[in-house]
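The structure appears below as structure tokens.
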Amino acid sequence: MNKIVVLDEQTIDKIAAGEVIERPSSIVKELVENAIDAGATAVTVEIKEGGISFIRITDNGSGIEAEQIPTAFLRHATSKIRTAEDLLDVTSLGFRGEALSSIAAVCQVELISKTPESLTGTRYLIEGGKEKSLEEIGAPSGTTFLVRNIFYNTPARKKFLKTPQTETGYISELMERMALSHPEVSFKFIAGSQVKLHTSGNHRLKDIIYNIYGRDITNNLLEVEKTFENGMKITGFIGKPVISRGNRNFENYFVNGRYIKSKIISKAIEDAYQSFMMKHKYPFTVLHFQIDTEMLDINVHPTKMELRFAENEKLYEDVYHTILNTLSHKEMIVQVSVGKEEKEECIQEKKESLPEPFEKNRISSMQMVSGQDSVIQEREAQPSREKLSLLAHQTSVPVKKQLSEEDTRAIREIHRPIRHHPGSQKDLSGRCSLLYHQKSQTHRLHRLPDILWKWNRWRTAA
Ligand SMILES: Nc1ncnc2c1ncn2[C@@H]1O[C@H](COP(=O)(O)OP(=O)(O)OP(=O)(O)O)[C@@H](O)[C@H]1O
Ligand SMILES: [Mg+2]
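Shown next, in the form of structure tokens:
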């Protein structure tokens, strides 16, 4: 056995960095969180090669005083807590005092910062944990971090990075979550020379959802707002079942502005949706939880992705009932008998279209002029076979010849091939069909709840 020795500072820092800095997106997360903690209202993130060679993060926050800058890069150096008791009452995103030292241990870092009170700014260079220079420089108030060549001094770890494209994807997702978690901050994310995300910081969560997920999702949201006797508040939006997904990627929730993963919250959300959705489908949610810091332990995970809650069962019950009530107060699914209609084998695409919102006024003014209410009567009737076919086609999704595991699961009960089209199948409950669409020569997956939902929307559009 070798002799036992105490490791040197730099080795200790590199080991500690391993916990916090896994890939470029970890650096972006830590630096954006610092910017938010510094009270920034605008944060710009620019990356090159997926952040592997270059990350620049600029904020208009409080800045760091010149003489404090070297200290900020020491391990366990923080302005956010003073004693262990403060851990019970942390309202900032950071508190461990580890991020900057971890980033500087495995990258080449340049920092430019200026406080509003100071006349000049400071430029600081630190590489692999070694200070290179500290100088005065002209700069606007706020802080800019330039981080170059991640893991340049730990090649073994660099090997584990994915392609620049994949790393860009991770950072994109992170930036979307950051924007959703802080609607009051304007975020700009540039990858290569492309602006991938730009939010206005106008406090409106729905605008950010629109910006990130687009019109279809935004048109299918239900608002949530509920305050509980223990002070917990849940606000945000949940998706109608029609916009469910095959994985949990769209299940977003934030506790006191922090994106986290929690088995309890996920389970409560999914259990509430259970009777509204098919199996193996997951809902769209963007929920903000405001919870008293005394009811939380945030110091249980190095990247702060997990929390411990003081009252797990109550949290489950509260979330479950909030979601269930929101879903059940809306008419989710209409009772329409489809019966044999589903036997369709080749769906005709007709030019018929549903009225767009702007057409509603025109339709109602036409009715006022003619005194007819035929349009409304038509909408309240059962869907015709043609209408149903059209809706079915509009709500179906193309499926590759080689079905994914998820699609296979969704139609796992299928065992009755439809005549004439060998690739067409449907499950016996009639909730889901895989049809071969001759015109486009593709398979399309039709889900009954989606068709019914679309029909319901059309019916009630007037
Ligand atoms: N963008 C910034 N603007 C102003 N001050 C900053 C900024 N980034 C870092 N700092 C200062 O540097 C200190 C160290 O930052 P660092 O991220 O290492 O630790 P932390 O945020 O306190 O805790 P954690 O390791 O949990 O993130 C912070 O406490 C803060 O005072
Ligand atoms: Mg921090």
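Everything in the sequence shown is counted per this note's numbering, starting at 190 for the first residue and increasing by one.
Where is the CB? At the ideal position from N, CA and C, for every residue including glycine.
Buried or exposed for residue i, going by 16 or more other Cβ atoms inside 10 Å?
| i | result |
| --- | --- |
| SER517 | exposed |
| ALA288 | buried |
| PHE349 | exposed |
| ASN408 | exposed |
| VAL413 | buried |
| ALA499 | exposed |
| GLY318 | buried |
| ARG497 | exposed |
| THR332 | buried |
| SER215 | buried |
| MET190 | exposed |
| GLU373 | exposed |
| LEU308 | exposed |
| GLY252 | buried |
| MET494 | exposed |
| GLU198 | exposed |
| GLU222 | buried |
| TYR391 | According to the sequence as given, residue 391 is Asn; it is not Tyr. So ASN391 counts as exposed. |
| THR233 | buried |
| ARG447 | buried |
| LEU196 | exposed |
| HIS477 | buried |
Excluding the 5 residues flanking residue i on each side, which residues of the same chain have their C-beta closer than 7 Å to its C-beta?
| i | result |
| --- | --- |
| GLY310 | ILE301, SER302, LYS303, ILE326, GLY327, ALA328 |
| MET555 | Only weak support exists for where MET555 lies, its pLDDT of 43 falling under 50; the coordinates are left without a value. |
| ILE270 | LEU276, VAL279, PHE284 |
| VAL194 | none |
| GLY250 | ALA224, ALA227, GLY228, ALA229, GLY331, THR332 |
| GLU440 | SER455, ILE458, TYR471, PRO472, THR474 |
| GLY381 | LYS237 |
| THR515 | LEU411, VAL413, ILE427 |
| THR511 | VAL413, LYS415, ILE423 |
| PHE262 | LEU289, SER290, ALA293, ILE315 |
Select from the options the residue whose C-alpha is nearest the C-alpha of residue i.
| i | options | result |
| --- | --- | --- |
| ALA368 | THR357, ALA345, ARG393 | ARG393 |
| SER389 | GLU238, ALA231, VAL195, VAL221 | ALA231 |
| ILE449 | MET466, ASP486, LYS470, THR416 | ASP486 |
| MET484 | ARG447, ASN441, MET421 | MET421 |
| ASN342 | TYR471, THR424, GLY207, ILE270 | GLY207 |
| MET364 | LEU263, LYS218, HIS265, ARG212 | LYS218 |
| PHE340 | GLY358, GLY381, ILE292, LEU386 | ILE292 |
| GLU254 | TYR313, ASN488, ILE236, PHE376 | TYR313 |
| THR482 | GLU299, LYS351, ASN419, ALA380 | ASN419 |
| GLU274 | ASN514, ASN488, GLU235 | ASN488 |
| TYR509 | LEU476, GLY358, ASP460 | ASP460 |
| VAL444 | LYS395, GLU506, MET467, ARG366 | ARG366 |
| GLN257 | HIS371, LEU323, LEU220, ILE480 | LEU323 |
| SER281 | GLN297, LYS347, HIS371 | HIS371 |
| TYR442 | TYR462, GLN479, LYS321 | GLN479 |
| SER451 | GLN463, MET467, LYS347, ASN501 | ASN501 |
| GLN463 | GLU506, LEU513, ASP507 | LEU513 |
Report, in whole angstroms, the separation of the C-beta atoms of residue i and residue j, which I expect to be a contact under 8 Å.
| i | j | result |
| --- | --- | --- |
| GLY283 | ASP226 | 6 Å |
| ILE398 | PHE426 | 6 Å |
| GLU356 | ILE241 | 6 Å |
| ILE360 | PRO213 | 6 Å |
| LEU410 | GLY428 | 6 Å |
| VAL336 | ILE244 | 4 Å |
| PRO353 | GLY239 | 3 Å |
| ILE453 | LEU504 | 6 Å |
| PHE465 | PRO430 | 4 Å |
| PHE334 | ILE246 | 5 Å |
For residue i, which residues in the same chain have their Cβ closer than 6 Å to its Cβ, ignoring the five residues on either side in sequence?
| i | result |
| --- | --- |
| GLN561 | Any reading at GLN561 must be qualified, since the residue scores a pLDDT of 39, below 50, and its modelled position is unreliable; the value itself is stated next. Closer than 6 Å at the Cβ level, and outside the excluded window around GLN561, lies no residue. |
| THR200 | none |
| PRO305 | SER330 |
| THR416 | LYS422 |
| LYS385 | SER361, PHE378 |
| ARG437 | TYR471 |
Leaving aside the five residues before and after residue i along the sequence, list all residues of the same chain whose C-beta is less than 8 Å from its C-beta, in chain order.
| i | result |
| --- | --- |
| ALA205 | ARG264, GLU287, SER290, SER291, ALA294 |
| THR267 | GLY283, PHE284, ARG285, GLY286 |
| ASP396 | PRO372, THR388, SER389 |
Is there at least one Cβ from chain D nearer than 9 Å to residue i's Cβ?
| i | result |
| --- | --- |
| GLU274 | Among the protein chains of the structure shown there is no chain D, as only one such chain exists. |
(message) As a quick check of your reading: which residues have a C-beta less than 6 Å from at least one non-hydrogen atom of ligand 2, in chain order?
(response) Residues with a Cβ closer than 6 Å to any heavy atom of ligand 2, in chain order: GLU219, GLU222, ASN223, GLY283, ALA288.
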